[in-house]
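If you read the sequence shown in the UniProt record's numbering, its first letter stands for residue 1, the second for the next number, and so on.
Note that CB positions come from ideal geometry on N, CA and C, so glycine has one too.
Input: a single structure, listed below in C-alpha coordinates.
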Amino acid sequence: MKTEDMVMISIDDHVVEPADIFEKHFPKSLMDQAPKLTAHPRNPNVQAWQFQGTVVGSSGLNAVVSWPKHEWGMDPTGYAEMRPGVYDMDLRVRDMDANGTLAATLFATFPGFAGTHLASLPDKKLSLAALKAFNDWVVGEVPDAHPGRFIPIGIIPFYDAEESVKEIERIAAMGCRSISIPETPYGVGEGYPDFKSGHWDPIFEACVEHNIVLSLHIGGGINLVKRPAGFNIDDMMILTPLISTIAATDIMLSGAFQKFPDLKVAMSEGGVGWVAPWLDRLDRHIVNQSWTGTSFLPAGMSPTDVWRKNFLACYITEPSGLNNRHRLGVDTIAWECDYPHSDSTWPNSPEMLKEELDACECTDEEIDKITFANAAKFFDWDPFEHIPREEATVGALRARAGDVDISETSKEEYRRRYELANSGS
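Quick look at the structure:
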(Lines of atoms letter the chains of each structure in order from A and count residues from 1; the text may use other names and numbers.)
(Lines give C-alpha, C1' and ligand atoms only; values in the text may rest on other atoms or scores of the structure.)
Protein backbone atom coordinates (compact mmCIF):
# COMPACT_ATOMS: atom_id res chain seq x y z
CA MET A 1 0.00 0.00 0.00
CA LYS A 2 1.20 3.50 -0.85
CA THR A 3 0.92 6.35 1.62
CA GLU A 4 -1.56 8.20 -0.58
CA ASP A 5 -3.85 5.15 -0.68
CA MET A 6 -4.35 4.96 3.10
CA VAL A 7 -7.62 5.98 4.75
CA MET A 8 -7.06 7.62 8.13
CA ILE A 9 -9.49 8.12 11.03
CA SER A 10 -8.26 9.76 14.24
CA ILE A 11 -9.99 8.61 17.42
CA ASP A 12 -8.36 11.35 19.48
CA ASP A 13 -8.41 14.96 18.31
CA HIS A 14 -9.31 18.01 20.37
CA VAL A 15 -11.17 21.26 19.89
CA VAL A 16 -11.06 24.67 21.50
CA GLU A 17 -14.69 25.73 21.62
CA PRO A 18 -15.58 28.64 19.29
CA ALA A 19 -16.35 32.00 20.83
CA ASP A 20 -20.06 31.85 19.93
CA ILE A 21 -20.82 28.32 21.17
CA PHE A 22 -22.81 29.41 24.23
CA GLU A 23 -24.52 32.31 22.47
CA LYS A 24 -25.94 29.72 20.09
CA HIS A 25 -26.67 26.82 22.44
CA PHE A 26 -27.06 28.00 26.06
CA PRO A 27 -30.67 28.34 27.31
CA LYS A 28 -31.95 31.86 26.60
CA SER A 29 -33.52 32.05 30.06
CA LEU A 30 -30.09 31.58 31.67
CA MET A 31 -28.01 33.58 29.19
CA ASP A 32 -26.99 36.15 31.78
CA GLN A 33 -25.20 33.32 33.63
CA ALA A 34 -23.67 31.62 30.58
CA PRO A 35 -19.91 31.18 30.16
CA LYS A 36 -18.44 34.40 28.77
CA LEU A 37 -15.12 35.29 27.23
CA THR A 38 -13.07 37.71 29.28
CA ALA A 39 -9.48 38.85 29.64
CA HIS A 40 -7.31 36.17 31.21
CA PRO A 41 -6.13 37.29 34.68
CA ARG A 42 -2.61 36.03 34.00
CA ASN A 43 -2.39 37.63 30.58
CA PRO A 44 -4.97 40.27 29.64
CA ASN A 45 -3.88 40.04 25.99
CA VAL A 46 -5.55 36.62 25.64
CA GLN A 47 -9.09 35.45 26.32
CA ALA A 48 -10.46 32.99 28.86
CA TRP A 49 -13.89 31.61 29.73
CA GLN A 50 -15.50 32.98 32.88
CA PHE A 51 -18.22 30.79 34.41
CA GLN A 52 -19.58 30.53 37.93
CA GLY A 53 -16.85 32.81 39.24
CA THR A 54 -14.05 30.72 37.75
CA VAL A 55 -11.80 31.72 34.87
CA VAL A 56 -10.40 29.01 32.59
CA GLY A 57 -8.28 29.56 29.51
CA SER A 58 -6.49 27.33 27.04
CA SER A 59 -2.85 26.59 27.75
CA GLY A 60 -0.34 26.77 24.96
CA LEU A 61 0.03 22.98 24.80
CA ASN A 62 -3.66 22.70 23.88
CA ALA A 63 -3.11 24.64 20.66
CA VAL A 64 0.52 24.42 19.54
CA VAL A 65 -0.16 23.09 16.05
CA SER A 66 2.08 24.85 13.47
CA TRP A 67 3.81 27.03 16.10
CA PRO A 68 7.63 26.96 16.28
CA LYS A 69 8.56 24.65 19.15
CA HIS A 70 10.37 27.37 21.08
CA GLU A 71 6.94 29.06 21.51
CA TRP A 72 5.31 26.00 23.07
CA GLY A 73 4.46 26.13 26.75
CA MET A 74 1.82 26.07 29.46
CA ASP A 75 1.07 29.80 29.43
CA PRO A 76 -2.47 30.79 28.47
CA THR A 77 -3.17 31.55 24.84
CA GLY A 78 -6.11 33.10 23.03
CA TYR A 79 -7.91 32.77 19.73
CA ALA A 80 -5.77 35.40 18.06
CA GLU A 81 -2.61 33.33 18.58
CA MET A 82 -4.03 29.93 17.61
CA ARG A 83 -4.12 28.36 14.20
CA PRO A 84 -7.75 29.06 13.17
CA GLY A 85 -8.44 25.38 12.52
CA VAL A 86 -8.19 24.81 16.27
CA TYR A 87 -11.60 26.45 16.84
CA ASP A 88 -13.12 27.08 13.37
CA MET A 89 -14.58 23.80 12.14
CA ASP A 90 -14.73 24.85 8.48
CA LEU A 91 -10.98 25.45 8.64
CA ARG A 92 -10.48 22.32 10.79
CA VAL A 93 -11.82 20.22 7.94
CA ARG A 94 -9.37 21.95 5.60
CA ASP A 95 -6.53 21.10 8.00
CA MET A 96 -7.75 17.51 8.11
CA ASP A 97 -7.67 17.42 4.31
CA ALA A 98 -4.11 18.73 4.32
CA ASN A 99 -3.12 15.90 6.67
CA GLY A 100 -5.07 13.25 4.78
CA THR A 101 -7.37 12.69 7.78
CA LEU A 102 -10.85 11.57 6.78
CA ALA A 103 -12.56 11.82 10.17
CA ALA A 104 -11.89 12.51 13.84
CA THR A 105 -13.39 12.66 17.30
CA LEU A 106 -13.34 16.01 19.13
CA PHE A 107 -12.54 16.01 22.84
CA ALA A 108 -13.60 19.11 24.79
CA THR A 109 -11.29 21.79 26.17
CA PHE A 110 -13.21 24.32 28.31
CA PRO A 111 -15.54 21.70 29.90
CA GLY A 112 -12.58 19.36 30.53
CA PHE A 113 -11.85 16.29 28.37
CA ALA A 114 -14.62 14.41 30.20
CA GLY A 115 -16.55 17.36 31.58
CA THR A 116 -14.44 17.37 34.74
CA HIS A 117 -14.13 21.16 34.89
CA LEU A 118 -17.89 21.64 34.72
CA ALA A 119 -18.31 18.91 37.34
CA SER A 120 -16.10 20.86 39.77
CA LEU A 121 -18.26 24.01 39.74
CA PRO A 122 -20.84 24.67 42.48
CA ASP A 123 -24.05 25.29 40.50
CA LYS A 124 -24.78 21.92 38.90
CA LYS A 125 -27.85 23.28 37.09
CA LEU A 126 -25.70 25.80 35.25
CA SER A 127 -22.98 23.18 34.65
CA LEU A 128 -25.57 20.86 33.12
CA ALA A 129 -26.78 23.65 30.84
CA ALA A 130 -23.20 24.30 29.67
CA LEU A 131 -22.61 20.58 29.18
CA LYS A 132 -25.75 20.24 27.05
CA ALA A 133 -24.76 23.31 25.05
CA PHE A 134 -21.40 21.73 24.28
CA ASN A 135 -23.07 18.47 23.24
CA ASP A 136 -25.56 20.32 21.04
CA TRP A 137 -22.59 21.82 19.24
CA VAL A 138 -20.13 18.90 19.08
CA VAL A 139 -22.65 16.07 18.60
CA GLY A 140 -25.31 18.00 16.71
CA GLU A 141 -24.08 21.07 14.86
CA VAL A 142 -20.57 20.08 13.81
CA PRO A 143 -21.23 16.60 12.34
CA ASP A 144 -24.37 17.90 10.61
CA ALA A 145 -22.41 20.72 8.99
CA HIS A 146 -19.62 18.37 7.87
CA PRO A 147 -21.12 14.95 7.07
CA GLY A 148 -18.66 12.09 7.27
CA ARG A 149 -15.86 14.10 8.89
CA PHE A 150 -16.49 13.75 12.62
CA ILE A 151 -17.38 10.81 14.88
CA PRO A 152 -19.69 12.44 17.45
CA ILE A 153 -18.38 12.19 21.02
CA GLY A 154 -20.13 13.90 23.94
CA ILE A 155 -19.77 14.41 27.67
CA ILE A 156 -22.12 13.61 30.56
CA PRO A 157 -22.78 14.91 34.11
CA PHE A 158 -21.05 11.80 35.44
CA TYR A 159 -21.47 12.87 39.06
CA ASP A 160 -25.24 12.29 38.67
CA ALA A 161 -26.05 8.85 37.23
CA GLU A 162 -29.71 9.65 36.58
CA GLU A 163 -28.97 12.85 34.66
CA SER A 164 -26.16 11.04 32.84
CA VAL A 165 -28.55 8.39 31.54
CA LYS A 166 -30.93 11.12 30.37
CA GLU A 167 -28.13 12.87 28.52
CA ILE A 168 -26.89 9.63 26.96
CA GLU A 169 -30.39 8.97 25.66
CA ARG A 170 -30.67 12.53 24.35
CA ILE A 171 -27.37 12.60 22.47
CA ALA A 172 -27.76 9.00 21.25
CA ALA A 173 -30.85 10.20 19.40
CA MET A 174 -28.61 12.86 17.80
CA GLY A 175 -26.16 10.22 16.52
CA CYS A 176 -23.58 10.23 19.32
CA ARG A 177 -21.13 7.31 19.08
CA SER A 178 -19.10 7.81 22.26
CA ILE A 179 -18.97 9.62 25.59
CA SER A 180 -15.84 10.75 27.37
CA ILE A 181 -15.69 9.88 31.08
CA PRO A 182 -12.89 10.31 33.65
CA GLU A 183 -10.29 7.56 33.33
CA THR A 184 -9.97 7.33 37.12
CA PRO A 185 -13.03 9.06 38.65
CA TYR A 186 -11.71 8.73 42.21
CA GLY A 187 -8.57 10.61 41.15
CA VAL A 188 -10.43 13.68 39.86
CA GLY A 189 -10.88 16.71 42.12
CA GLU A 190 -12.45 15.71 45.41
CA GLY A 191 -12.99 12.22 44.04
CA TYR A 192 -16.00 10.43 42.57
CA PRO A 193 -17.18 6.80 42.88
CA ASP A 194 -14.97 4.23 41.17
CA PHE A 195 -16.12 1.80 38.48
CA LYS A 196 -16.97 -1.02 40.90
CA SER A 197 -19.04 1.17 43.23
CA GLY A 198 -22.31 0.62 41.36
CA HIS A 199 -22.61 4.34 40.59
CA TRP A 200 -21.62 3.76 36.97
CA ASP A 201 -23.86 0.75 36.33
CA PRO A 202 -26.84 2.76 34.97
CA ILE A 203 -24.41 4.70 32.75
CA PHE A 204 -22.79 1.50 31.49
CA GLU A 205 -26.21 -0.03 30.86
CA ALA A 206 -27.32 3.01 28.84
CA CYS A 207 -24.12 2.91 26.79
CA VAL A 208 -24.64 -0.76 25.96
CA GLU A 209 -28.29 -0.13 25.10
CA HIS A 210 -27.38 2.65 22.68
CA ASN A 211 -24.13 1.07 21.45
CA ILE A 212 -22.06 3.99 22.71
CA VAL A 213 -18.33 3.64 23.41
CA LEU A 214 -16.77 4.83 26.68
CA SER A 215 -13.68 6.91 25.87
CA LEU A 216 -11.19 7.09 28.75
CA HIS A 217 -8.81 9.92 27.89
CA ILE A 218 -5.50 10.33 29.70
CA GLY A 219 -4.92 13.27 32.02
CA GLY A 220 -7.30 13.08 34.94
CA GLY A 221 -5.45 10.34 36.79
CA ILE A 222 -1.98 11.87 36.93
CA ASN A 223 -2.54 12.96 40.56
CA LEU A 224 -2.60 9.28 41.54
CA VAL A 225 1.15 9.08 40.86
CA LYS A 226 3.14 10.59 43.70
CA ARG A 227 6.11 12.58 42.43
CA PRO A 228 8.97 14.27 44.30
CA ALA A 229 8.68 17.92 45.20
CA GLY A 230 9.40 20.19 42.29
CA PHE A 231 8.63 17.70 39.54
CA ASN A 232 8.27 19.41 36.18
CA ILE A 233 6.25 19.23 32.99
CA ASP A 234 8.47 16.45 31.61
CA ASP A 235 7.38 14.12 34.43
CA MET A 236 3.72 14.74 33.70
CA MET A 237 3.98 14.36 29.93
CA ILE A 238 6.03 11.16 30.10
CA LEU A 239 3.98 9.46 32.82
CA THR A 240 0.43 10.54 31.97
CA PRO A 241 -0.12 7.97 29.19
CA LEU A 242 0.91 5.20 31.57
CA ILE A 243 -2.08 6.01 33.80
CA SER A 244 -4.08 4.11 31.16
CA THR A 245 -2.69 0.96 32.78
CA ILE A 246 -4.37 1.92 36.05
CA ALA A 247 -7.61 2.94 34.33
CA ALA A 248 -7.82 -0.27 32.32
CA THR A 249 -7.07 -2.34 35.42
CA ASP A 250 -9.79 -0.49 37.35
CA ILE A 251 -12.50 -1.23 34.83
CA MET A 252 -11.28 -4.75 34.05
CA LEU A 253 -11.38 -5.73 37.75
CA SER A 254 -14.59 -3.82 38.51
CA GLY A 255 -16.90 -6.60 37.32
CA ALA A 256 -18.34 -4.29 34.67
CA PHE A 257 -17.82 -6.83 31.91
CA GLN A 258 -19.60 -9.52 33.90
CA LYS A 259 -22.64 -7.28 34.24
CA PHE A 260 -22.36 -5.70 30.79
CA PRO A 261 -20.56 -8.12 28.43
CA ASP A 262 -20.98 -5.79 25.44
CA LEU A 263 -19.59 -2.65 27.09
CA LYS A 264 -16.96 -1.02 24.85
CA VAL A 265 -13.99 1.01 26.14
CA ALA A 266 -11.55 3.11 24.10
CA MET A 267 -8.30 3.98 25.88
CA SER A 268 -7.70 7.44 24.44
CA GLU A 269 -4.13 8.69 23.93
CA GLY A 270 -2.68 6.04 26.22
CA GLY A 271 -0.61 4.34 23.54
CA VAL A 272 -0.26 0.58 23.09
CA GLY A 273 3.16 -0.25 24.56
CA TRP A 274 1.83 -1.01 28.04
CA VAL A 275 -0.86 -3.42 26.91
CA ALA A 276 1.13 -6.59 26.14
CA PRO A 277 2.95 -6.90 29.53
CA TRP A 278 -0.26 -5.85 31.31
CA LEU A 279 -2.18 -8.68 29.63
CA ASP A 280 0.63 -11.12 30.44
CA ARG A 281 0.35 -10.14 34.09
CA LEU A 282 -3.45 -10.34 34.15
CA ASP A 283 -3.64 -13.69 32.39
CA ARG A 284 -1.16 -15.22 34.81
CA HIS A 285 -2.77 -13.55 37.82
CA ILE A 286 -6.18 -15.18 37.43
CA VAL A 287 -4.50 -18.61 37.30
CA ASN A 288 -1.60 -18.21 39.69
CA GLN A 289 -3.47 -16.09 42.25
CA SER A 290 -6.76 -17.97 42.14
CA TRP A 291 -6.56 -18.25 45.93
CA THR A 292 -7.90 -14.67 46.19
CA GLY A 293 -11.27 -15.94 45.05
CA THR A 294 -11.82 -12.80 43.02
CA SER A 295 -14.19 -13.15 40.10
CA PHE A 296 -14.34 -10.18 37.73
CA LEU A 297 -14.57 -11.61 34.20
CA PRO A 298 -17.39 -13.14 32.17
CA ALA A 299 -17.48 -16.92 32.50
CA GLY A 300 -14.96 -18.72 30.34
CA MET A 301 -13.11 -15.56 29.27
CA SER A 302 -9.52 -14.59 30.03
CA PRO A 303 -8.36 -10.99 30.39
CA THR A 304 -6.94 -11.22 26.87
CA ASP A 305 -10.32 -12.39 25.59
CA VAL A 306 -12.05 -9.43 27.23
CA TRP A 307 -9.41 -7.00 25.94
CA ARG A 308 -9.88 -8.20 22.37
CA LYS A 309 -13.66 -8.07 22.58
CA ASN A 310 -14.26 -4.93 24.61
CA PHE A 311 -11.28 -2.57 24.25
CA LEU A 312 -9.66 -0.35 21.66
CA ALA A 313 -6.17 1.10 22.11
CA CYS A 314 -5.04 4.46 20.74
CA TYR A 315 -1.83 4.77 18.73
CA ILE A 316 0.07 7.95 17.74
CA THR A 317 3.66 6.89 17.17
CA GLU A 318 5.07 3.87 19.00
CA PRO A 319 7.04 1.38 16.89
CA SER A 320 7.72 -1.00 19.77
CA GLY A 321 4.00 -1.17 20.45
CA LEU A 322 3.25 -2.13 16.85
CA ASN A 323 5.71 -4.98 17.16
CA ASN A 324 3.42 -6.47 19.82
CA ARG A 325 0.27 -6.09 17.73
CA HIS A 326 -0.39 -9.83 17.54
CA ARG A 327 -0.27 -10.13 21.33
CA LEU A 328 -2.86 -7.38 21.71
CA GLY A 329 -4.82 -8.42 18.67
CA VAL A 330 -4.47 -6.26 15.57
CA ASP A 331 -8.20 -5.51 15.76
CA THR A 332 -7.67 -3.59 19.02
CA ILE A 333 -5.36 -0.86 17.67
CA ALA A 334 -6.54 2.43 16.16
CA TRP A 335 -4.63 5.52 15.04
CA GLU A 336 -4.90 9.05 16.41
CA CYS A 337 -3.58 12.44 15.30
CA ASP A 338 -4.09 14.43 18.55
CA TYR A 339 -4.51 17.71 16.66
CA PRO A 340 -3.84 20.43 17.89
CA HIS A 341 -1.92 19.19 20.97
CA SER A 342 1.83 18.89 21.39
CA ASP A 343 1.84 15.12 20.71
CA SER A 344 0.23 15.63 17.31
CA THR A 345 1.92 14.47 14.11
CA TRP A 346 0.02 16.98 11.90
CA PRO A 347 0.64 17.76 9.03
CA ASN A 348 2.92 14.78 8.37
CA SER A 349 0.85 12.03 9.99
CA PRO A 350 0.56 9.78 6.92
CA GLU A 351 4.32 9.74 6.30
CA MET A 352 5.23 9.19 9.94
CA LEU A 353 2.65 6.45 10.42
CA LYS A 354 3.43 4.67 7.15
CA GLU A 355 7.13 4.58 7.99
CA GLU A 356 6.39 2.83 11.29
CA LEU A 357 3.85 0.45 9.74
CA ASP A 358 6.37 -0.54 7.07
CA ALA A 359 9.20 -0.96 9.60
CA CYS A 360 7.01 -3.43 11.48
CA GLU A 361 6.15 -5.22 8.24
CA CYS A 362 2.41 -4.64 8.56
CA THR A 363 0.35 -6.11 5.77
CA ASP A 364 -2.09 -4.04 3.73
CA GLU A 365 -4.94 -5.63 5.68
CA GLU A 366 -3.30 -4.67 8.99
CA ILE A 367 -2.70 -1.13 7.73
CA ASP A 368 -6.37 -0.72 6.84
CA LYS A 369 -7.39 -2.01 10.26
CA ILE A 370 -5.10 0.31 12.19
CA THR A 371 -5.71 3.42 10.10
CA PHE A 372 -9.49 3.29 9.86
CA ALA A 373 -11.33 -0.06 9.90
CA ASN A 374 -10.90 -0.90 13.60
CA ALA A 375 -12.17 2.52 14.65
CA ALA A 376 -15.10 2.40 12.24
CA LYS A 377 -16.16 -1.03 13.49
CA PHE A 378 -15.68 -0.25 17.19
CA PHE A 379 -17.61 3.02 17.03
CA ASP A 380 -20.15 1.50 14.64
CA TRP A 381 -19.58 4.38 12.24
CA ASP A 382 -19.60 3.99 8.46
CA PRO A 383 -16.61 5.93 7.06
CA PHE A 384 -17.93 5.83 3.51
CA GLU A 385 -21.60 6.69 4.08
CA HIS A 386 -21.06 10.26 2.86
CA ILE A 387 -17.68 10.09 1.15
CA PRO A 388 -16.75 7.21 -1.23
CA ARG A 389 -13.50 5.45 -0.41
CA GLU A 390 -11.77 6.73 -3.54
CA GLU A 391 -12.41 10.29 -2.27
CA ALA A 392 -11.48 9.44 1.33
CA THR A 393 -7.83 8.49 0.86
CA VAL A 394 -4.83 10.52 1.94
CA GLY A 395 -4.07 11.37 -1.66
CA ALA A 396 -7.61 12.42 -2.56
CA LEU A 397 -8.04 14.60 0.53
CA ARG A 398 -4.68 16.30 0.11
CA ALA A 399 -5.40 16.95 -3.56
CA ARG A 400 -8.18 19.33 -2.57
CA ALA A 401 -6.10 21.07 0.10
CA GLY A 402 -3.23 22.35 -2.02
CA ASP A 403 -3.93 25.92 -0.94
CA VAL A 404 -3.82 25.17 2.79
CA ASP A 405 -0.77 26.75 4.41
CA ILE A 406 0.89 24.09 6.57
CA SER A 407 4.09 26.01 7.20
CA GLU A 408 5.44 26.79 10.66
CA THR A 409 3.81 30.02 11.83
CA SER A 410 4.50 32.09 14.93
CA LYS A 411 1.92 33.28 17.45
CA GLU A 412 2.80 36.85 16.52
CA GLU A 413 1.97 36.19 12.87
CA TYR A 414 -1.32 34.51 13.75
CA ARG A 415 -2.21 37.52 15.90
CA ARG A 416 -1.38 39.89 13.05
CA ARG A 417 -3.66 37.96 10.68
CA TYR A 418 -6.43 37.71 13.27
CA GLU A 419 -6.41 41.42 14.02
CA LEU A 420 -6.35 42.24 10.33
CA ALA A 421 -9.30 39.92 9.65
CA ASN A 422 -11.28 41.43 12.54
CA SER A 423 -10.33 45.07 12.00
CA GLY A 424 -13.40 45.81 9.90
CA SER A 425 -11.28 47.38 7.18
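Around the Cβ of W291, a 10 Å sphere holds fewer than 16 other Cβ atoms; the residue is exposed.
In its chain, beyond the 5 residues on either side, E318, S320, G321 have a beta carbon closer than 7 angstroms to the beta carbon of G273. M31: not part of any beta strand (DSSP E); DSSP gives it neither H nor E. Per DSSP, P182 is one residue of the beta strand (DSSP E) stretching across 178-182.
By the C-beta density criterion, Q289 is exposed, having fewer than 16 other C-beta atoms within 10 angstroms. If you check the CB distance, E4 and G100 come in under 9 angstroms. Inclusion of L297 and K264 in the CB contact set at 9 angstroms is not warranted, their separation being larger than that value.
Contact between P383 and A396 does not hold, since the beta-carbon distance rounds to 13 angstroms and is not under 8 angstroms. I333 carries a strand assignment under DSSP once its states are collapsed to helix, strand and coil. For Y315, the enclosing beta strand (DSSP E) begins and ends at 311-315. When L118, T363, P152 are compared, the shortest CA-CA separation from A104 is found for P152. Ranked by how close their Cα comes to the Cα of L253, the residues F110, V275, T294, I222 have T294 in first place. In the three-state reduction of the DSSP assignment, T116 falls in the helix class, which pools H, G and I. For the pair M6 and K354, the CB atoms are nearer than the 9 angstroms cut-off. No residue range can be given for F231, since it is assigned to no alpha helix (DSSP H) and is classified by DSSP as neither H nor E. Between the alpha carbons of D380 and N211 lies a distance of about 8 angstroms. Using a Cβ-Cβ distance cut-off of 8 angstroms, the stretch 362-372 and the stretch 331-340 are in contact, since at least three pairs of beta carbons, one from each stretch, lie closer than that value. The beta carbon of I155 lies closer than 7 angstroms to those of A108, P111, A114, G115, L131, F134, N135, I179, S180 in the same chain, with the five residues before and after it left out. DSSP places S164 in the helix class (H, G or I) of the three-state scheme. Beta-bridge analysis with DSSP links Q47 to A39.
By the criterion of at least three beta-carbon pairs nearer than 8 angstroms, the stretch 241-251 is in contact with the stretch 222-231.
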